[in-house]
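Please read the structure below before turning to the comments.
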Amino acid sequence: MSRGAVLSPLSLVMVIVLWEMACRAELVSPLVLPAPSRVWDGLVILFTAPWFPQHVWLTTLETLLGFLIGGVAAIALGIVMVNVRIFKEIIYPYVVAFQVMPKVVLAPIFITWFGFGIESKIVMAIAISFFPVVINTVVGLESVEENASLLMRSLVASRSQVFWKLAWPTALPSIFAGLKTSLTLALIGALVAEFVTAKDGLGTLITTFSFELKVYLVFAVIIVVSALGLVMYGLMEYLERKIVFWRRSRFTG
Amino acid sequence: MLGAITVRNVSKTFSTEGTVALEALREVSVEILPGQFVAFVGPSGCGKSTLLKLIGGLLDPSSGHISVGASQVTGPSRGIGVMFQTPVLFPWRTVLENVLLPIEVFGLERRAATEKARDILRLVGLEGREGAYPRELSGGMQQRAALSRVLVIDPSIILMDEPFGALDEFTRERMNLELLRIWQERGQTIVFVTHSISEAVFLADRVVVMDTAPGRVLAVVDVPLPRPRSIDLMKSPEFAGKAFEVREYLGVAR
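Chains as they are written, first to last, in numbering that gives the first Met the number 0: chain A, 0 to 252; chain B, 0 to 253.
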């Protein structure tokens, strides 16, 4: 085992212990920073509460739906842009412009347009997760090696053969990199939209508990949100390893 | 479609926006007979690769005519196999799947072709590696797989663009010998581009000597050395004489 593999978890344990000691010594107010043991109590409360799963489920659903709709639309747009030159020339500057815009500013507008329910959260998740996938799809499709195109041309391959047998698999690693980023972003989108206004969801729990000064519960929800993000990311990593299996060599040598 | 390759007064100029037009080839004429092994040799930038792509229909000449047999070359043809300096194997396909790529593209029956592909892989010494992925193969083995992908479609003409240029000297010599063996068995027309004079003389019936700026043909040297050829041939004074003759043409041009 590497030094990091031992020292990294050890440092976390030390931080938690010091944190707990500081709280017990009443160096910080529990309203500012609850003790780890208190956060643990919060987690127990959450996971035993009958109302908790529906919040987790709702935020997960918003994130995944936004990610899926946004991802599919983004890949489609990327494919069209690469294949229809003029379309790309017209639209690409706007894609880049939207990419640099902090899209969370749109959350209040989406609430106005799509209401307090799940729709506005999905739209926010789409808006924030869309562009990395578009750009990575375009970059991936355009990274086809010149000799590989020549090979397909020498075989008199049709346009669809060139796409499915060469361009699409060539682009997949890049598309997956975009999808991994955008899944995390979709979760952010859903949470931000919930912060603005919502009846349910993990983002709502965070704002509600904050107002009620139940900081230990806020921390507990933050841990749940982080775990949710980790699980989703891990799932994407797994899919990537299965689907883009030929890229393994880049990591294992 | 076994036929002679005729290149008549072919010029090729590349012009892209904002740059000075590049004259890659000027007034090139070459005749290649069916079943011949012809090598194009010359320094970088002499247009030998461009000429190869023109013959393969992968580029259009700016002027002049190229024909194969009775028909004019207007685009790529499925009777012509092309091999590049890089193996261009698809990393998501196994060796066998890579070799079968042309079969899929042509829409041919896969089962019969699979047997044939296995035979060819045996011929090039890749038996037992059919299920391997390209990254698991050495550079030499990757080029063998690329050669198999060309052979699987039974081309009457094979165009090779410095196919062994990226390999080490030993592997390269072995590949040359194997290429000669396969060619003698099957009798395709081979057009082979290289910047190695000894490789050109060793392999070819005729060596087309080219020079740069603009790319043009300096001379065509016949190499009537006996076949089958072995590495021992390189020791012979006849071989040395031919290699020197080619070198002289290239030297004169300086």
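We put the beta carbon where it would ideally sit given N, CA and C, even for glycine.
Contact under 7 Å by Cβ, residue i with residue j
i, j, result
"V37 (chain B)", "G56 (chain B)", "no"
"V243 (chain A)", "F175 (chain A)", "yes"
"L42 (chain A)", "F51 (chain A)", "no"
"G188 (chain A)", "M123 (chain A)", "yes"
"L158 (chain B)", "L51 (chain B)", "yes"
"N35 (chain A)", "W56 (chain A)", "The amino acid occupying residue 35 (chain A) in the given sequence is Pro; Asn does not appear at that position. Contact flag unset, no."
"L201 (chain A)", "V217 (chain A)", "no"
"V149 (chain B)", "G106 (chain B)", "no"
"G162 (chain B)", "P133 (chain B)", "Reading off the sequence, residue 162 (chain B) comes out as Pro, not Gly. No, these two residues do not count as a Cβ contact at 7 Å."
"P101 (chain B)", "I152 (chain B)", "yes"
"L146 (chain B)", "V123 (chain B)", "yes"
"G63 (chain B)", "N8 (chain B)", "yes"
"V87 (chain B)", "N146 (chain A)", "yes"
"S10 (chain B)", "R25 (chain B)", "yes"
"V332 (chain B)", "V29 (chain B)", "Not covered by the structure: residue 332 (chain B). The range shown for chain B is 0 to 253."
"G70 (chain A)", "L178 (chain A)", "yes"
"G74 (chain B)", "P154 (chain B)", "no"
"M209 (chain B)", "V200 (chain B)", "no"
"F130 (chain A)", "Q160 (chain A)", "no"
"D167 (chain B)", "F83 (chain B)", "no"
"R240 (chain A)", "P172 (chain A)", "no"
"F66 (chain A)", "A226 (chain A)", "no"
"P33 (chain B)", "A3 (chain B)", "yes"
"G44 (chain B)", "T170 (chain B)", "no"
"A239 (chain B)", "S197 (chain B)", "no"
"V137 (chain A)", "V79 (chain A)", "no"
"L30 (chain A)", "L212 (chain A)", "yes"
"K120 (chain A)", "E25 (chain A)", "no"
Burial state of residue i (16 or more Cβ within 10 Å)
i, result
"F250 (chain A)", "Because the pLDDT of F250 (chain A) is 41, which lies under 50, any placement of that residue in the model is unreliable, and the question is left without a value."
"S248 (chain A)", "Low confidence applies to S248 (chain A): its pLDDT is 46, below 50, so where it sits in the model is not reliable, and the reading given next is rough at best. Label assigned to S248 (chain A): exposed."
"D59 (chain B)", "exposed"
"E129 (chain B)", "buried"
"V19 (chain B)", "exposed"
"Q141 (chain B)", "buried"
"V83 (chain A)", "exposed"
"P101 (chain A)", "exposed"
"K164 (chain A)", "buried"
"G139 (chain B)", "buried"
"I89 (chain A)", "exposed"
"I156 (chain B)", "buried"
"E193 (chain A)", "buried"
"V27 (chain B)", "buried"
"G250 (chain B)", "exposed"
"S28 (chain A)", "exposed"
"G252 (chain A)", "Here G252 (chain A) scores only 31 on pLDDT, less than 50, and its place in the model should not be relied on; the value that follows carries that caveat. The residue is exposed, with fewer than 16 neighbouring Cβ atoms inside 10 Å."
"M13 (chain A)", "exposed"
"R253 (chain B)", "Confidence at R253 (chain B) is low in this model, with a pLDDT of 48, below 50, so its placement is unreliable and no value can be given for it."
"G127 (chain B)", "exposed"
"L149 (chain A)", "buried"
"S229 (chain B)", "exposed"
"Y248 (chain B)", "buried"
"I74 (chain A)", "buried"
"V67 (chain B)", "buried"
Distance between beta carbons of residue j and residue i, contact taken as under 8 Å
i, j, result
"T188 (chain B)", "I31 (chain B)", "6 Å"
"V220 (chain A)", "L204 (chain A)", "5 Å"
"T183 (chain A)", "G228 (chain A)", "6 Å"
"V219 (chain B)", "E244 (chain B)", "With a Cβ gap of about 11 Å, V219 (chain B) and E244 (chain B) do not count as contacting."
"L169 (chain A)", "V132 (chain A)", "Strictly speaking, residue 169 (chain A) in this sequence is Thr, with Leu absent from that position. Going by Cβ atoms, the distance from T169 (chain A) to V132 (chain A) rounds to 16 Å, so no, they are not a contact pair."
"L178 (chain B)", "P227 (chain B)", "Not confirmed; about 12 Å, so no contact."
"V94 (chain B)", "A165 (chain B)", "V94 (chain B) to A165 (chain B), Cβ: 18 Å. No contact."
"D204 (chain B)", "V222 (chain B)", "6 Å"
"I134 (chain A)", "V94 (chain A)", "7 Å"
Chain E within 7 Å of residue i, Cβ atoms only
i, result
"W182 (chain B)", "Reference to chain E is not applicable here, since the protein chains of this structure are A and B."
task: Scan the segment 34-63 of chain B for residues whose Cβ lies nearer than 7 Å to a Cβ of chain A and list them as they occur along the chain.
output: G55, L57
- prompt: Listed from N- to C-terminal order along the chain, which residues in the segment 120-137 of chain B have their beta-carbon within a distance smaller than 7 Å of any beta-carbon of chain A?
  reply: Y132, R134
- prompt: Are the segment 195-208 of chain A and the segment 112-122 of chain A in contact at 8 Å, needing three or more beta carbon pairs?
  reply: yes
message: Please list, in chain order, the residues of the segment 141-173 of chain B that have any C-beta partner in chain A closer than 7 Å.
response: none
message: Within 8 Å, do at least three Cβ pairs link the segment 98-115 of chain A to the segment 136-153 of chain A?
response: no
- prompt: Quick one, which residues of the segment 128-151 of chain A are near chain B if we go by CB-CB under 8 Å, in chain order?
  reply: E144, N146, A147, L149, L150, M151
query: What are the residues of the segment 69-80 of chain B that lie near chain A, defined by any Cβ-Cβ distance shorter than 8 Å?
result: G74, P75, S76, R77, I79, G80
- request: For the segment 188-210 of chain B, enumerate the residues whose C-beta is nearer than 8 Å to any C-beta of chain A, in chain order.
  value: none
field: Proximal residues, the segment 227-246 of chain A versus chain B, C-beta separation under 9 Å
entry: V243, F244, W245, R246
message: What are the residues in the segment 98-122 of chain B lying within 9 Å of chain A by C-beta distance?
response: L100, P101, E103, V104, F105
- request: Please list the residues of the segment 42-53 of chain A that have a C-beta atom closer than 9 Å to any C-beta atom in chain B, keeping them in chain order.
  value: none
message: Can you pull out the residues from the segment 1-19 of chain B whose beta carbon lies closer than 7 Å to at least one beta carbon of chain A?
response: none
Residues within the segment 172-189 of chain A neighbouring chain B, beta-carbon criterion of under 7 Å: none
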